[in-house]
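Here the structure comes first, spelled out in structure tokens, and everything after it is commentary.
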Amino acid sequence: MERVILHLDMDAFYAAVEVRESPDLAGKPLIIGHRGRRGVVSTCSYEARKYGVHSAMPSVRAERLCPDAIWLPGRMALYVKVSREIRRIMNDYSPLVEPLSIDEAFIDLTGIAANLNMAIRTAHELKARIRDEQQLSASVGVAPNKFLAKLASDMDKPDGLTVIAIQDLPVKVWPLPVERLWGVGPKTAERLRESGITRIGHLLEHDPGLLRSRLGANAATHLTALARGDDDRPVLSERPHKSISEERTYGEDLDDPEEIDRSMLARAEGVARQLRRQGIVAHTVHLKVRAGDFTTWTRSHTLPTPTDLAEPIVEAARRLFRERIRLAGRGVRLLGVGVSGLEPPRPVQGSLFEAPADERARKMARAADAVREKLGEKAVTRARLLRKPRRDPDEDEPAGEASSLPSVD
Ligand code: TTP
Ligand code: MG
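Residue numbers (the working numbering): 201 to 609.
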């Protein structure tokens, strides 16, 4: 399953915000930073960059390179506020937004944009909204992973939009200097240069054994993977969500135990899929039931082992339903399943952490997720959910009354 990752980086961020606040600065060389012997440049407008000025340069040098520049000290509180507003815009496009710094973030559009081409549309829209709502410009990269997306966003600055698909590697990536690889600092670059490797593509032409002996096995594997365009780091949202839940209100109360059970399973499936999509596991399962007369129960159970699979979630929900809820003949008007106690999965410690059966179940669930994302929700449905085609509680809802609300907080 190819992922769709977008990387967004604001253009000349602090300087652009200042120009927006004082439009007469537009088109002029502008430097944000403190002048004088001990000052450094935070950033500068693209007009100042023509003179060779850049971030982290000693101010004295910048003054020499561009004597006519206008200098401003910078207003952090304002930039943070603008940064938040841009993040709010990005949050409209995916629940998975990972900010990297004040002006850049990764956005995971997998399953939202069908492929890289569709993501181009999203990227145009995102850039347009930032321009309309914030009068600022951003550069965006679209690619199947973080490494390539970040490379891409930097390729056509300012106001750029670049796609790097795997087939673009020979033209767009292999000619770049090795320093552009994530993890290559000046020391590694020097060691690579000694072996005649100055461009990313050279890594793949080099003898793998020699490379390992020069860099060590880990670094060699890591760098050649990146050069091939492999990078499976997930996009992680800044604050892990505190809970994930799905609930559904039924136009007609459910009273068939079989239907109630299927509804529980469908909600557990949805919640587990969200966990897997975010690469996290949950400790606690919550069940919410509202009866026809609006009596509402919320019950929870903490699992012995955190999970991202539907099975343990639905089992806990079933037990809560059986043991902790007294419907006393009333039908179910609303049913919700949720999870909390979310955290990244612990590193797998052999069978101590994960039984082989769980491992298999997780692999199957991931495969099903991938098919679903490609072919749509109905492509993979458990036999159990299909058993009674006569009336699927999830589909037979009178319009207007019923709702299914995924909620994340
Ligand atoms: P960058 O995104 O690196 O730079 P930029 O947005 O100004 O320009 P570009 O168009 O090349 O992306 O950094 C974002 C902001 O972070 C930048 O506006 C100012 C601040 N910053 C510093 O204060 N010091 C630094 O050394 C760098 C690199 C950035
Ligand atoms: Mg920037």
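Glycine included, every Cβ here is placed at the ideal spot set by N, Cα and C.
Are there any heavy atoms of the ligand MG lying less than 7 Å away from the beta-carbon of residue i, as far as the coordinates show?
i	result
D303	yes
D359	no
D209	yes
Could you tell me whether any non-hydrogen atom of the ligand TTP is closer than 7 Å to the CB of residue i?
i	result
A269	no
A212	yes
A349	no
S141	The structure shown does not extend to residue 141, since the chain is modelled only from 201 through 609, so no value can be given for it.
S413	no
S500	no
S255	yes
A215	yes
In the structure shown, what three-state DSSP assignment does residue i receive?
i	result
A305	strand
S437	coil
D368	helix
D211	coil
E202	coil
Y450	strand
G341	strand
S294	coil
H402	helix
G600	In this prediction, G600 scores a pLDDT of 30, lower than 50, which makes its location untrustworthy; the coordinate-derived value is nonetheless stated afterwards. Coil, per DSSP.
H324	helix
L392	helix
S242	strand
G536	strand
K350	helix
G274	coil
A442	At residue 442 the sequence reads Lys, which differs from the Ala that was named. DSSP places K442 in coil when its eight states are reduced to three.
T484	strand
S500	strand
T362	strand
R490	strand
Buried or exposed: which applies to residue i, given that a residue is buried once 16 or more other Cβ atoms fall within 10 Å of its Cβ?
i	result
N315	exposed
W271	buried
Q367	exposed
N317	exposed
Q335	exposed
R473	buried
D356	exposed
K228	exposed
T502	exposed
K350	buried
S339	buried
G681	Residue coverage of the chain in this structure runs from 201 to 609, which leaves residue 681 outside it and unanswerable.
G538	buried
N418	exposed
Q208	For the sequence presented, residue 208 should be read as Leu rather than Gln. The residue in question, L208, is buried, as its Cβ has 16 or more Cβ neighbours within 10 Å.
D456	exposed
L423	buried
Please report the Cβ distance between residue i and residue j, rounded to the nearest whole angstrom; I am assuming they are in contact, meaning their Cβ atoms lie under 8 Å.
i	j	result
S178	G536	Only positions 201 to 609 of the chain appear in this structure, which leaves residue 178 out of reach.
R393	P375	The pair is not a contact, with the Cβ atoms about 16 Å apart (cut-off 8 Å).
V532	Y450	7 Å
R284	A305	That pair is no contact at about 12 Å.
Find the nearest neighbour of residue i within the set the options, judged by alpha-carbon distance.
i	options	result
K250	V260, R238, P258, I231	I231
G492	T498, G529, D461	G529
D332	D308, P370, I289	I289
I205	T362, P273, R284	T362
R490	R462, R526, L465	R526
T496	L503, T502, K488	K488
A343	T505, H486, R391, E202	E202
T505	T484, R524, T498	T484
V240	Y246, E247, R287, H254	H254
L348	A427, F494, E447, P544	A427
A262	A313, H234, E298, K346	H234
G360	E379, L369, E390, A328	A328
L610	I480, P457, P377	As displayed, the chain neither begins before 201 nor continues past 609, which places residue 610 out of reach and without an answer.
P295	I307, R264, Y246, E511	I307
R265	A256, G252, R391	First, the residue type needs correcting, since residue 265 is Leu and not Arg in the sequence shown. Nearest C-alpha to L265: G252.
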